[in-house]
Amino acid sequence: MNNPSENPREPGAVASSVGDAAAARREARRRLLKGGLAAAPVALTVTSRPVLGAIECQGPTGFQSANVSRLVGAPGGLSCGTRKLPADWVATGVTWPAGYTRAMLFGSAFPQTTLYAALTLEQVLAGPSTGTANDKLIAQLVVAALLNSASTTVPSVQQVRDLWTGYLGNNFRPGSEAVWPPSKIIKYLQYTMGIAVTFP
Amino acid sequence: MTEALAAQPLQWRLQAGSPLCFRQLDDQFLVFNAASGDTHLLSASGHELLQFLSEQEARAWSAPALAQALLGESEDADFCLSLEHSLRYFEQLGLLVPVLP
Numbered sequence: 167m168n169n170p171s172e173n174p175r176e177p178g179a180v181a182s183s184v185g186d187a188a189a190a191r192r193e194a195r196r197r198l199l200k201g202g203l204a205a206a207p208v209a210l211t212v213t214s215r216p217v218l219g220a221i222e223c224q225g226p227t228g229f230q231s232a233n234v235s236r237l238v239g240a241p242g243g244l245s246c247g248t249r250k251l252p253a254d255w256v257a258t259g260v261t262w263p264a265g266y267t268r269a270m271l272f273g274s275a276f277p278q279t280t281l282y283a284a285l286t287l288e289q290v291l292a293g294p295s296t297g298t299a300n301d302k303l304i305a306q307l308v309v310a311a312l313l314n315s316a317s318t319t320v321p322s323v324q325q326v327r328d329l330w331t332g333y334l335g336n337n338f339r340p341g342s343e344a345v346w347p348p349s350k351i352i353k354y355l356q357y358t359m360g361i362a363v364t365f366p
Numbered sequence: 009m010t011e012a013l014a015a016q017p018l019q020w021r022l023q024a025g026s027p028l029c030f031r032q033l034d035d036q037f038l039v040f041n042a043a044s045g046d047t048h049l050l051s052a053s054g055h056e057l058l059q060f061l062s063e064q065e066a067r068a069w070s071a072p073a074l075a076q077a078l079l080g081e082s083e084d085a086d087f088c089l090s091l092e093h094s095l096r097y098f099e100q101l102g103l104l105v106p107v108l109p
């Protein structure tokens with residue numbers, strides 16, 4: 167009879183080997199954690215945000231964190247860089263990123279919406295004539311953010327769409343945070359466009 | 009109902025959509041948190057704990073459940089308390105977020 171431990175091709179030997187490895191791993195983990203977690207798990211923290219110049223943009227989840235909130239809008243005008251505003255994109259002669267045209271319908275770019283669905287992106291950027299002040303401003307900002315997203319990764323196209331549908335449904339909540347009111351959605355979108363915002 | 013809620017252990021999970029980036033330099037471990045922009049030098053036990061959590065990204069953990077998953081036991085009150093302190097510490101650094109029961 168073969169000894170499973172001598173023949174690693176035997177199924178029993180493989181199972182035993184995997185079991186042994188798991189047990190060894192667990193024992194090593196036990197020694198490490200039971201001995202080590204009495205002390206702090208982090209020895210040092212280095213904050214590596216640049217003080218001047220471009221700041222790496224944060225997604226909505228990062229935006230709500232205390233670290234980012236403390237910095238955004240601090241003296242010095244910290245923001246997340248120079249992305250184009252609605253007025254920049256609507257200006258004559260500005261080249262739009264591939265995949266988007268001035269005649270593209272808002273409803274095509276934001277498939278979940280009926281509000282402004284029949285307007286072109288250019289019309290929305292210029293300012294819709296109907297809707298509340300928040301409707302108009304946030305629609306302008308999300309179109310600009312969508313065009314900005316062609317050359318950046320944060321916020322993503324999906325995050326921009328989620329901001330718009332979340333605004334309409336009053337249910338945008340990144341992570342485990344409370345629902346963002348329109349004012350916070352506006353702050354975040356403006357932050358992604360280089361506007362330093364402040365927090366109360 | 010209130011008592012039932014109060015009896016539920018606290019839970020934590022990683023920030024959604026914000027993966028952690030681990031690096032090992034010699035015998036030290038670093039983790040970069042893209043959500044905060046901070047880099048943390050971890051103890052070996054802190055690295056083991058955070059690495060495990062990052063491998064279970066979508067799940068929320070209480071200290072006893074984490075003890076069970078890590079060591080196959082959850083009866084060691086001192087260890088569970090150490091775990092909870094570590095989870096709270098990670099929360100303060102923005103590496104974890106609390107999950108409401």
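Chains X and H supply the protein sequences, listed in that same order. What the first sequence shows, in the working numbering, is residues 167 to 366, in sequence order. What the second sequence shows, in the working numbering, is residues 9 to 109, in sequence order. For each residue, glycine too, the CB sits at the ideal point set by N, CA and C. Here the structure is a predicted model, which is why all the values come from computation and not from measurement.
Exposed unless 16 or more other CB atoms sit within 10 angstroms - verdict on residue i
i	result
D86 (chain H)	exposed
D46 (chain H)	buried
N336 (chain X)	exposed
C29 (chain H)	exposed
L33 (chain H)	exposed
G54 (chain H)	buried
G202 (chain X)	buried
T358 (chain X)	buried
Simplified DSSP state of residue i, which is helix, strand or coil
i	result
V105 (chain H)	strand
F338 (chain X)	coil
T318 (chain X)	coil
Q278 (chain X)	coil
W69 (chain H)	strand
L58 (chain H)	helix
A301 (chain X)	Note on identity: in this sequence residue 301 (chain X) is Asp, with Ala being the wrong assignment. Here D301 (chain X) sits in helix by DSSP.
L18 (chain H)	coil
A220 (chain X)	Interpretation of A220 (chain X) is limited by its pLDDT of 41, a score under 50 that renders its predicted location unreliable; the figure taken from the coordinates is listed afterwards. A220 (chain X): coil per DSSP, three-state reduction.
G185 (chain X)	helix
S94 (chain H)	helix
S349 (chain X)	helix
T358 (chain X)	coil
V326 (chain X)	helix
D84 (chain H)	coil
E99 (chain H)	helix
Q76 (chain H)	helix
G259 (chain X)	coil
Bridge partners - residue i, DSSP secondary structure assignment
i	result
L307 (chain X)	According to DSSP, L307 (chain X) bridges with nothing at all.
R249 (chain X)	Beta-bridge pairing links R249 (chain X) to no other residue.
C29 (chain H)	H:F40
L50 (chain H)	X:V208 and H:F37
L271 (chain X)	X:T286
Own chain, CB closer than 7 Å to residue i, minus 5 neighbours either side, in chain order
i	result
L49 (chain H)	Q36 and L38
G273 (chain X)	T279, A283 and A284
Own chain partners of residue i with C-beta closer than 6 Å, once the 5 adjacent residues on each side are dropped
i	result
T331 (chain X)	Q278
R21 (chain H)	A68 and V107
A292 (chain X)	V256
Subject >> the region 188-205 of chain X: positions lying closer than 8 Å to chain H by Cβ >> reply: R192, R195, R196, L198, L199, K200, G201, G202, L203, A204 and A205
Original post:
In chain order, what residues of the region 45-71 of chain H put their CB closer than 9 Å to some CB of chain X?
Top reply: G45, D46, T47, H48, L49, L50, S51, A52, S53, G54, H55, E56, L57, L58 and F60
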